[in-house]
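Note that the numbering used here numbers the sequence shown so that position 127 is 199, with each residue one more than the last.
All C-beta atoms in this analysis are idealised placements derived from N, C-alpha and C, irrespective of residue type, glycine included.
Below is one structure, written out as structure tokens; comments come after it.
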Amino acid sequence: MRLVTYSWLVVVLAVACAAIDWLGIAGWMAAAVVLASLAAHVAGNALGTRMREATDRDLARRTRPRAPEPVPAAGPSHLERTGGLGRLVPVSAGIGAACGAAAGTAALVTLTSCSWAGAALGGVSSAVIGGLFGFLGASFVEILRTSLREAIAAERAAPPPRHG
Numbered sequence: 073m074r075l076v077t078y079s080w081l082v083v084v085l086a087v088a089c090a091a092i093d094w095l096g097i098a099g100w101m102a103a104a105v106v107l108a109s110l111a112a113h114v115a116g117n118a119l120g121t122r123m124r125e126a127t128d129r130d131l132a133r134r135t136r137p138r139a140p141e142p143v144p145a146a147g148p149s150h151l152e153r154t155g156g157l158g159r160l161v162p163v164s165a166g167i168g169a170a171c172g173a174a175a176g177t178a179a180l181v182t183l184t185s186c187s188w189a190g191a192a193l194g195g196v197s198s199a200v201i202g203g204l205f206g207f208l209g210a211s212f213v214e215i216l217r218t219s220l221r222e223a224i225a226a227e228r229a230a231p232p233p234r235h236g
């Protein structure tokens, strides 16, 4: 490395040490995460560019041309069709909202010295977050259940594989 590079490194370290008292440890941790993210982005971009340049893109000369095999068109799956949410999602969102409101209000009343109006507002905020988590959890379970049901039905309907 050149002397100019070392000089800039010393300047950056000096400014960093001088600013430690101003930012505190949380600020420095956040700055380190941002710098690490930037470094990972630059490294990934450089690696991707190098891999793209080194790749042989002429696939036609490496493989023999053959006629494409006809693939039957599949009907839309249950997840591709639009429909109602069912009963699980709204009930789970309601239960999540109720649990979030109760937990948020109880935590504010017991752990802080806030007014009842503040506890009620905090309870409403916690209810919104709890309802969101209930909705997300129920949606995940619903999609997982539907996907598994369709996969099992497709596996049962498929002909057995031929050996030989």
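- About 5 Å separates the beta carbon of Gly-195 from that of Gly-176, a gap short enough to meet the 8 Å contact definition.
- Across the structure, Cys-171 and Val-200 are spaced so that their CA atoms are roughly 10 Å apart.
- Rounded to whole angstroms, the gap between the alpha carbons of Glu-227 and Thr-218 is 14 Å.
- Distances from the alpha-carbon of Phe-205 to those of Ile-167, Pro-231 and Ala-179 put Ile-167 closest.
- The criterion of a C-beta distance shorter than 8 Å is not satisfied by Val-213 and Leu-180.
- In the displayed model, Ser-149 falls within coil according to three-state DSSP, outside both helix and strand.
- Burial state of Ala-165 is buried, judged by a 10 Å Cβ sphere holding 16 or more other Cβ atoms.
- Note on the stretch 74-104: there is no whole alpha helix (DSSP H) run with a minimum of 4 residues.
- Excluding residues up to 5 positions away in sequence, nothing lies with its Cβ nearer than 8 Å to the Cβ of Ala-126 in the same chain.
- In the displayed model, Pro-162 falls within a helix according to three-state DSSP.
- One Cα belongs to Ala-104, the other to Leu-110, and the distance between them is close to 10 Å.
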